[in-house]
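Note sheet for the following structure.
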Amino acid sequence: MPATGGTILVTGASGGLGIEIARTIATRPSDVPVHHALYTVRSTIAADKVRSVLAATISHSYDILQLDLSQLSSVRETAAAINKRVSGGEIPRIRAVVLNAGYRETGRQTWTEHGLDKTFVSNYLGHWLLTLLLLQSMNPDAGRIVVVGGMVHDPQDRSNSINKAFEEEPWQRILADASKDSVESIAKGTWAASPDDPAQDPRELYGIRRYGGAKLFLIMMISELQCRLDSDANLNMISILGVDPGIMPTNITVGTLNWVVRIMFSLLARVFNLVLPNGLIRMPHKSAGDVLAAAFGTSSPIGMHPKSLYLSGDVPKEMSDEAKNAEKRTSVWRASVQYSKLRQGETCLIDWQ
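Those letters in the sequence shown? Residues 136 to 488, per this note's numbering, in order.
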């Protein structure tokens, strides 16, 4: 990997995958060519968790930032603080942004104060806005944006047979069409809205579906933003790509299961890691390595400028047909500008509208 230095930003650093990404950055400095790391977490309790893990590793330069992706004011404040530090020379330009934070609701559905579905904002819109605001601080020659994806963005992915969330006809496509109303159904959570009585959704499939809808929008961002970056003379060397980390024994996957099932799943993941390390079920440390390879690697299949690449672990994977639909992607982008209230001058991207 090239030793170009710079800053890496990782959202959701206190989660199962985020912790492993931070640990890998700290323990494999020769493989992760950065001078400084920014780890974002949702709360001070989560920050303490990250500090305790990093305390047991090789010392490296880092900051832990509190960021609530469901609150766009928090996103703007965090981005402004980072941009100020970069422009002032306090930290190097950003070499990689890893959009890792994930949020899946169990039980009752919730909304933001502005009436947007919290799953939509936490997983997609907050990340979309953060990325556009930070473009001015990225390394314009070698910067990379890594989207942590997942099989749930594609109802047609056979791997979803495990959760069975998309088996029935109404759920086999996320966006009915490219209309404003279809996009709004995801943004406001009317698509796959949870029943008022959680007992009517004992397997919590509605939360998985909304999580899949938000992930679809995030995967759509890969190709849509790359097209806009490529047409920008100042940003056309920045790459955006995605990584499906597989199914891991992390809290977002097994957190609601009983302790016996969690232990059994963790043991199963360890066996898979030995026999089929890039299989459907993976250990977080393996996926962390894949994410960081996407952020800094140059060997095949990544290369020097991995634009619009999507990987399952360390091998190329097709995005869903919906994610590749240019008309739907454009509709989602325009709605994102509206929902985020992005204004002229907030991003350095020329084609931001």
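We put the CB at the ideal spot given by N, CA and C, even for glycine.
Quick caveat: nothing in here was measured; it's all calculated off a predicted structure.
{"Check": "Once you ignore the five residues that flank F352 on each side, which residues in its own chain have a CB closer than 6 Å to its CB?", "Outcome": "Y259, V467"}
{"Check": "Rank Q271, Q244, V256, K323 by C-alpha distance to the C-alpha of R230 and give the top, closest one.", "Outcome": "Q271"}
{"Check": "Can you tell which of R469, S471, Y445 has the C-alpha that lies nearest to the C-alpha of K459?", "Outcome": "Y445"}
{"Check": "Determine the direct distance from the alpha carbon of I297 to that of T146, and round the result to whole angstroms.", "Outcome": "27 Å"}
{"Check": "My output table needs one value for H440: the three-state DSSP class, helix, strand or coil.", "Outcome": "coil"}
{"Check": "So, with DSSP's three-state summary, where would you put G223?", "Outcome": "coil"}
{"Check": "Count the CB pairs spanning the segment 364-380 and the segment 400-410 that are closer than 8 Å, and state whether there are at least three.", "Outcome": "no"}
{"Check": "Alpha carbons only, please: which of H170, S187, K219, V176 is nearest the one belonging to H195?", "Outcome": "H170"}
{"Check": "Please identify the residue among V188, I343, A349 whose C-alpha is closest to the C-alpha of V318.", "Outcome": "A349"}
{"Check": "Does DSSP classify P113 as helix, strand or coil?", "Outcome": "A query on residue 113 cannot be resolved here, the shown segment of the chain reaching from 136 to 488 and no further."}
{"Check": "For the 8 Å Cβ check, are there 3 or more pairs between the segment 332-351 and the segment 271-287?", "Outcome": "yes"}
{"Check": "Of all the options S358, T385, D486, which has the alpha carbon lying nearest to the alpha carbon of P441?", "Outcome": "S358"}
{"Check": "Starting from the N-terminal side, write out each stretch of the beta strand (DSSP E) that is 3 residues or longer and does not extend beyond the segment 275-314.", "Outcome": "279-283"}
{"Check": "Hey, out of N235, G223, D292, whose CA is closest to L415's CA?", "Outcome": "D292"}
{"Check": "Below 7 Å CB to CB, which residues in the same chain sit around M136 once its five sequence neighbours on both sides are set aside?", "Outcome": "Its pLDDT being 40, under 50, M136 is placed unreliably by the model, and the measurement read from it follows with that caveat. Answer for M136: D166, P168, F431, G432, T433, listed in chain order."}
{"Check": "Counting along the chain, where does the alpha helix (DSSP H) carrying A181 start and finish?", "Outcome": "179-190"}
{"Check": "Considering Cα atoms alone, identify which of Y341, P227, L173 is closest to Q201.", "Outcome": "L173"}
{"Check": "Give a yes or no on whether the C-beta atoms belonging to I375 and M273 are separated by under 8 Å.", "Outcome": "no"}
{"Check": "What residues match up with I382 in a beta bridge as DSSP calls it?", "Outcome": "I416"}
{"Check": "Can you give the Cα-Cα distance for R417 and R163, rounded to whole angstroms?", "Outcome": "20 Å"}
{"Check": "In angstroms with no decimal places, state the Cα-to-Cα distance between L340 and F407.", "Outcome": "25 Å"}
{"Check": "Can you say whether P380 is buried or exposed, counting buried as having 16 or more other CB atoms within 10 angstroms of its CB?", "Outcome": "buried"}
{"Check": "Just mark S475 as buried or exposed, buried being the case when its beta carbon has 16 or more other beta carbons within 10 Å.", "Outcome": "buried"}
{"Check": "Could you check where the alpha helix (DSSP H) with R469 kicks off and where it finishes?", "Outcome": "461-475"}
{"Check": "May I ask you to report which of helix, strand or coil DSSP gives L376?", "Outcome": "strand"}
{"Check": "Confirm, please, whether the CB-CB distance from T465 to L268 is below 8 Å.", "Outcome": "no"}
{"Check": "Let me check one thing: in DSSP terms, what residues is Y445 bridge-paired to?", "Outcome": "G377"}
{"Check": "Are the CB atoms of L144 and V210 within a distance shorter than 8 Å?", "Outcome": "no"}
{"Check": "Is V176 buried or exposed, if buried means 16 or more other CB atoms sit within 10 Å of its CB?", "Outcome": "buried"}
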